[in-house]
Structures are given as structure tokens and as C-alpha cells.
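Asks:
In my numbering, the protein residues as written are 4 to 107.
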């Protein structure tokens, strides 16, 4: 995993007005991924735009990814192996509370 890639994802999400962007370092904490990027969108359209933006950054870096939750109005996931991007609605972010799960 590249810190530069995480920075590029975060910057691209900021440019698309993603809210409450948070990067969680998960190295050595369970093997799911090395990092989660959490971002909140204001609408289903905004969430779609944020997910597509993350996918484009990963694609440009040569990272293959898998997308889950394309039909969900609360959560979308872009899984690139070492990096997983979670795109939430406000309701979805409150429900899943991933930052609280991984605090420790």
C-alpha cells in the first residue's frame, strides 16, 4: 500500500466535496486491509460520484477493485485489497460507525 495513493484518494474525494473524510491505518490489526478511507456524501448521486472518483484514482494507479453496495442508498464499498474505501450517506455512517469499531 502506498501512502501517496491514500493521499491521492483523499484529495480526489475532497475535490468532490466529500464530507468527514477519515483514513484509518489498519496495518497489523486483522488482515482485512491496510487502510480504510471513510467518506460521507449528501445524496445518492453524490455517493455515486464519490465512489466513481475513488475507483478512478485506484484505476489510474493500476489497482484493480471490486465494488459492493451499488444499489444501497446508505453505503458503498470500493475494495482494492490493501485499501478499502467506504462511501456513506449520513444515515449509513451513523449506523455502521466504523470509526468507532476500529478506534482501538
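For every residue, glycine included, the Cβ atom is placed at its ideal position computed from N, Cα and C.
Computed from a predicted model, the values in this text were never measured in an experiment.
Residue 57 and residue 81 look like a contact to me (Cβ under 8 Å); what is the Cβ gap, rounded to whole Å?
Replies: 5 Å
Asks: What separation, rounded to the nearest whole angstrom, lies between the Cα atoms of residue 55 and residue 24?
Replies: 16 Å
Asks: Please report the distance separating the alpha-carbon of residue 20 from that of residue 67.
Replies: 24 Å
Asks: With distances taken between CB atoms, is the gap from residue 12 to residue 60 smaller than 8 Å?
Replies: yes
Asks: Work out the CA separation of residue 27 and residue 102 for me, nearest whole Å.
Replies: 8 Å
Asks: Taking the beta strand (DSSP E) that residue 38 belongs to, which residues open and close that run?
Replies: 38-43
Asks: Just mark residue 5 as buried or exposed, buried being the case when its beta carbon has 16 or more other beta carbons within 10 Å.
Replies: exposed
Asks: So for residue 104, helix, strand or coil by DSSP?
Replies: For residue 104, the three-state secondary structure derived from DSSP is helix.
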